[in-house]
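Asks:
Numbering (my numbering), first residue to last: 29 to 357.
1. How close, in whole Å, do the beta carbons of residue 327 and residue 310 come, if the pair is a contact with beta carbons under 8 Å?
2. Would residue 110 pass as an interface residue toward chain B - the criterion being a Cβ-Cβ separation below 8 Å?
3. Take the Cβ of residue 61 as the centre, count every other Cβ of all protein chains shown within 10 Å, and call the residue buried at 16 or more, exposed below.
4. How would you label residue 218, buried or exposed, when you count the other beta carbons within 10 angstroms and need 16 or more for buried?
5. Using the C-alpha atoms, what's the distance from residue 345 back to residue 233?
6. Buried or exposed, going by whether 16 or more other CB atoms sit within 10 Å of the CB of residue 318?
7. What are the start and end residues of each continuous alpha helix (DSSP H) run of 4 or more residues lying completely inside the stretch 130-203, in chain order?
8. Three-state secondary structure (DSSP) at residue 294?
9. What residues in its chain sit with their C-beta under 7 Å from that of residue 29, if we drop five residues either side in the sequence?
10. Return the chain-ordered list of same chain residues with a C-beta closer than 6 Å to the C-beta of residue 50, the five sequence neighbours on each side being excluded.
11. In or out: residue 87 buried (at least 16 other Cβ within 10 Å) or exposed?
12. Is it true that the CB of residue 162 sits closer than 8 Å to the CB of residue 70?
13. What do you reckon, are the CB atoms on residue 157 and residue 178 nearer than 8 Å?
14. Shortest alpha-carbon distance to residue 252 belongs to which of 331, 192 and 265?
15. Grouping DSSP H, G and I as helix and E and B as strand, with all else coil, what is residue 227?
16. Using the three-state DSSP reduction, which class does residue 350 fall into: helix, strand or coil?
17. Considering only residues of the same chain and omitting the five flanking positions on each side of residue 287, which have a CB-CB separation below 7 Å?
18. Residue 79 to residue 330, Cα distance in whole Å?
19. Report yes if the CB atom of residue 77 is closer than 8 Å to the CB atom of residue 272, and no otherwise.
20. Going by beta carbon distance, what residues of the same chain come within less than 6 Å of residue 185, once the five residues before and after it are set aside?
21. Are residue 99 and residue 125 close, meaning C-beta to C-beta below 8 Å?
22. Apart from the five residues on each side of it in sequence, which residues of its chain come closer than 8 Å, Cβ to Cβ, to residue 142?
23. So residue 239 is in the alpha helix (DSSP H); what residue range does that whole segment cover?
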């Protein structure tokens, strides 16, 4: 490799703390791919809240750590044993579990099961916003929720990164989809994606959902906020399911209703799937990209020196919709 190629820029942190612990190091050695691995030049990174939790020390990693599981870029180097990708391929990255060497860097070593061919009409910024949100939506709807054709699906927080993919995935399965958000931008985006948009701020919220769902009630709810679960129990029809993906809290649940309706309430983590489940998820994203059934929404793009601001924005209440992206091109 040429002299200027031996080092890369990366975002690191040594000790947990506020966003100002993140530092940009321009002299990180470029990692070397081993047999069956690839080196990807990362052009864009999808930012996720889990990275803030790691940075704050809630999920401990010994420092120094390069954060990031999601990204997009170009295959730079392919080693022996890799057949699905070639040098020069445009790819999206989903490295599944957080590790000490992440995507907040100009180069990333990947195994083939972490990579997805990026369609020509999809930008690196869009591709970087696929991994965690798509896989979270897909694993909950298809694997944990066992959603099938004709189900009535309610997506809470439907204008967020996970929610928008959830609408597209449920639509592709042939479901009737109700999307819930609390602001106009989000609600109009939900409608554009082909779901019935209902504001959770609406005083007639439960009534409107029941009307939209029809007589058999809602079959499946993708839930982002635990405090909504008591309301979910009221909305669900017989044998209804809830998958809860975030924001833990202590709620009082009406178990009479859970028993009468024979409901399932399940908490899930996108990273803790079996290898077989992951193969199904990977095939799901490959197929969605091939068919063009998903269209990632990018809300805002940051340069590398704005990373602390980006982390703060990730945790701030936002009235817009879509994904925050770090540009490394």
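The beta carbon of each residue, even a glycine, is placed where N, CA and C say it ideally should be.
Replies: Inspection of the coordinates gives the following:
1. Not really, about 26 Å apart at Cβ, beyond 8 Å.
2. In the displayed structure, chain B is absent; only one protein chain is listed.
3. buried
4. buried
5. 21 Å
6. exposed
7. 152-156, 159-166 and 189-200
8. strand
9. With a pLDDT of only 45 at residue 29, under the threshold of 50, the placement of this residue in the model should not be trusted, and no figure is reported.
10. 39, 41, 335 and 336
11. exposed
12. no
13. no
14. 192
15. strand
16. coil
17. none
18. 16 Å
19. no
20. 191 and 252
21. no
22. 121, 122, 123 and 124
23. 233-241
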